[in-house]
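Numbering (the working numbering), first residue to last: 290 to 443. Glycine is no exception: its CB is placed at the ideal position from the N, C-alpha and C atoms.
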């Protein structure tokens, strides 16, 4: 990520969001995606700068950010509505639809990072704690290959 001394990480560059690693309309078997390097803090700073440059902070209460994020989840859902099952890598979708999926996921992620920041929750630490809690709720020896609720494993 290129840094701009005044504004932080650059947001004026539009990368190709359809990963070369996986999958697009290609065969996804035996391929996995590795995200490019971008920290949660980079996202937080980029969005903070974006909001400040437009004087939008006044509109970004935790409640409003949460509701905006829920709206974006609805927009993502609309892409899949009436499609039936879709395989990993989304080969059933057109390139434009897959790009649209990436845009909506990005909107959701940006709002999620903003929401966590406004709630004073360190999202990285929260994820680590939640993964540890999930590991206890779903022990491998009991949950392996099962799709039951955690209360079934107690």
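Requested in this report: Go ahead and pull the three-state DSSP assignment for residue 351.
Outcome: Helix.
Report task. Could you have a look at residue 377 and say whether DSSP puts it in helix, strand or coil? Result -> If DSSP states are grouped into helix, strand and coil, residue 377 belongs with coil.
Query raised in the report: Since residue 401 contacts residue 390 with CB under 8 Å, what's their CB separation in whole angstroms?
Result: That pair is no contact at about 16 Å.
Query raised in the report: For residue 358, does the count of other Cβ atoms within 10 angstroms reach 16, so buried, or fall short, so exposed?
Result: When all chains shown are included, residue 358 counts as buried.
Requested in this report: Helix, strand or coil for residue 312, going by three-state DSSP, please let me know.
Outcome: In this prediction, residue 312 has a pLDDT of 48, which is less than 50 and means its spatial position is unreliable; nothing more can be read from the coordinates.
Requested in this report: Return the CA-CA distance between residue 433 and residue 372, expressed in angstroms with no decimal places.
Outcome: Computed Cα separation, rounded: 30 Å.
Requested in this report: Using 10 angstroms around the beta-carbon of residue 399, count the other beta-carbons present and answer buried if the total reaches 16, otherwise exposed.
Outcome: Result: buried.
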